[in-house]
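Below: the structure, in structure tokens.
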Amino acid sequence: MKILVTGGAGFIGSNFVHHLIEHTDHDVTVLDVLTYAGNRASLDGLPEDRFRFVRGDIVDAQLVDRLFADHDAVVHYAAESHNDNSLEDPRPFLDTNIIGTYTLLEAARRHGTRYHHISTDEVYGDLELDDPARFTEQTPYNPSSPYSSTKAGSDLLVRAWVRSFGVQATISNCSNNYGPYQHVEKFIPRQITNVLRGERPKLYGTGENVRDWIHADDHSSAVLAILERGEIGETYLIGADGERNNKDVVELILTQLGQPSDAYDHVKDRPGHDMRYAIDSTKLRTELGWAPRYSDFEAGLAATIDWYRENEAWWAPQKDATEARYTAQGQ
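Going by full-length UniProt numbering, the first residue of the sequence shown is number 1, and it counts up by one from there.
Below, the structure written as structure tokens:
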């Protein structure tokens, strides 16, 4: 197939592109506007006979229409995704996550293109720390931030276009990703790169907030399974049973880098910081036969630390400006 990947220069999008090139014979086109969160270097080294990069915005209807006409399937990763940024300025999240998704859906409707929509577990709100439940495909939406509310809105658009217009679409909601090519503003790479630069990691609030971590390569293999075998109109939750609180993650990073486990600083908590996310991926595993490669979070984290240690040239240009923003926020 010829597959168009929106946001393919971002973190999980670029990991998916590498996964496609390595594990399939598909040809891949990336459409990315290259905001601060997109990095063209994340796609270096891909074979020119199977890969093409197009710089452009998903709200550009004419460009999107031309690309859809020339591709068999579209996987939509492009999104504004940083919660802190959505609290400072929600408007870009509306433009990209709502209007951008609408633009893609209309193109899929015109051309009959297979469409897969990447979403997040944050659309479900959060869980109590002592709640035995996990999010399932039936969990009601209860978003907490401008980011998660715009992602929830985009999911609902997809469902409406499937039901009203017969668009050949599926949705996946994934838990927190970690792995190569993740911007240093995000929690795990921020802490890793702080330690690599001889600086102390930063823990928001008490660090009790729990996330259900999944390696980006496992997310990629799940999305490919859904694209190839998923039932049109269905939603699949992607998770790897990787629940850890932020305090444990920071301490594990320090330990794996040979530092004392308590060598970190507490900083001001994030506004409206959700307490716990947890994914039940039973449907994906039983119906599509998917399983994660990195079922051991510690092993996946060690591989991620190695990548950041070996690729300082990729992350170093982003680091100073990112830390300056956090310092201004008291974090």
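C-beta atoms are modelled at their ideal positions from N, C-alpha and C, and glycine is treated no differently.
Inset, instruction - Run the proximity test for threonine 24: is its beta-carbon closer than 6 Å to any non-hydrogen atom belonging to the ligand NAD? - result: The ligand NAD is absent from the structure shown, which contains no ligand whatsoever.
Inset, instruction - Give the secondary structure of alanine 79 by DSSP, where H, G and I count as helix, E and B as strand, and everything else as coil. - result: In the structure shown, alanine 79 sits in coil (DSSP, three-state: anything other than H, G, I, E or B).
Inset, instruction - Can you say whether glutamate 128 is buried or exposed, counting buried as having 16 or more other CB atoms within 10 angstroms of its CB? - result: By the neighbour-count rule (16 or more Cβ atoms within 10 Å), glutamate 128 is not buried but exposed.
Inset, instruction - Starting from the C-beta of glycine 112, find all residues in its chain whose C-beta is less than 6 Å away, skip the five residues before and the five after it, and write them out in chain order. - result: Once the five neighbours on either side are set aside, glycine 112 has no close Cβ partner at all.
Inset, instruction - Would you decide whether glutamine 191 is buried or exposed? Buried here means 16 or more other CB atoms lie within 10 Å of its CB. - result: By the neighbour-count definition (other C-beta atoms within 10 Å, threshold 16), glutamine 191 is a buried residue.
Inset, instruction - Just confirm the distance between the C-beta atoms of asparagine 83 and threonine 120, as a whole number of angstroms; I'd bet it's less than 8 Å. - result: Incorrect: roughly 10 Å between the Cβ atoms, too far for contact.
Inset, instruction - On a CA-only basis, which of Ala316, Ile226, Ile279, Ala328 is nearest tryptophan 290? Give me that one, please. - result: Nearest option by C-alpha distance: Ile226.
Legend entry - Local Cβ density within 10 Å of asparagine 311, reported as buried at 16 or more and exposed below that: Classification for asparagine 311: exposed.
Legend entry - Contact under 7 Å by Cβ, serine 295 with glycine 239: No, the Cβ-Cβ distance between serine 295 and glycine 239 is not below 7 Å.
Legend entry - valine 210 and arginine 276 closer than 7 Å at C-beta: Contact check for valine 210 against arginine 276 passes: the beta carbons are separated by less than 7 Å.
Legend entry - tryptophan 314 beta carbon less than 7 Å from that of alanine 41: Yes.
Inset, instruction - Go ahead and pull the three-state DSSP assignment for lysine 186. - result: Per DSSP, reduced to three states, the secondary structure at lysine 186 is coil, with no helix or strand assignment.
Legend entry - Of the residues Val249, Asp57, Leu254, Val162, the one placed nearest glycine 198, counting alpha carbons only: Taking glycine 198 as reference, the option from Val249, Asp57, Leu254, Val162 with the minimal CA-CA separation is Leu254.
Legend entry - Contact under 7 Å by Cβ, valine 28 with leucine 20: The criterion of a C-beta distance shorter than 7 Å is satisfied by valine 28 and leucine 20.
Inset, instruction - For valine 250, I'd like the list of residues in its chain whose CB is within less than 6 Å of its CB, leaving aside the five on either flank, ordered along the chain. - result: Here the set comprises Gln191, Pro201, Leu203, Tyr264.
Inset, instruction - With a threshold of 16 other CB atoms inside 10 Å of the CB of glycine 100, please say whether the residue is buried or exposed. - result: Burial call: buried.
Inset, instruction - Report yes or no: do the stretch 127–145 and the stretch 75–82 share at least 3 C-beta pairs separated by less than 8 Å? - result: No: the two stretches stay apart, fewer than three of their Cβ pairs being nearer than 8 Å.
Inset, instruction - Take proline 92 and list the residues in its own chain whose beta-carbon comes closer than 6 Å to its own, dropping the five residues that flank it on each side. - result: Hits under 6 Å: Glu80.
Legend entry - Where residue 367 falls: helix, strand or coil (DSSP): Outside the displayed span of the chain (1 to 331) sits residue 367, for which this structure offers no information.
Legend entry - lysine 268 (DSSP reduced to helix, strand or coil): In the three-state scheme derived from DSSP, where H, G and I count as helix and E and B as strand, lysine 268 is classed as coil.
Legend entry - Straight-line gap, aspartate 262 to proline 180 (C-alpha atoms, nearest Å): Answer to the nearest angstrom: the Cα atoms are 25 Å apart.
Inset, instruction - Count the other C-beta atoms from every protein chain shown that fall within 10 angstroms of the C-beta of asparagine 142, then say buried if there are 16 or more, exposed otherwise. - result: Residue environment: asparagine 142 is assigned as exposed (fewer than 16 neighbouring CB atoms within 10 Å of its CB, all protein chains considered).
Inset, instruction - Could you please give me the residues that DSSP links to serine 172 through a beta bridge? - result: BP columns for serine 172 point to Ile118, Tyr236.
Inset, instruction - With distances taken Cα to Cα, identify the nearest neighbour of lysine 151 among Arg134, Ala108, Thr286, Ile98. - result: Taking only the C-alpha atoms, the option nearest lysine 151 is Ile98.
Inset, instruction - Can you check DSSP and say which residues form a bridge with isoleucine 214? - result: Its beta-bridge partners are Asn177.
Inset, instruction - Closer than 6 Å by C-beta to valine 184: which residues in its own chain qualify, once you throw out the five before and the five after it? Chain order, please. - result: Take valine 184, set aside five residues on each side of it, and the residues of its chain with a beta-carbon closer than 6 Å to its own are Arg190, Thr193, Trp315, Gln318, Lys319, Thr322, in chain order.
Inset, instruction - Given a cut-off of 7 Å, decide if isoleucine 305 and serine 175 are closer than it, judged by their beta-carbon atoms. - result: The answer is no: Cβ separation not under 7 Å.
Inset, instruction - Could you spell out the range, first to last residue, of the alpha helix (DSSP H) harbouring valine 162? - result: Start and end: 146–165.
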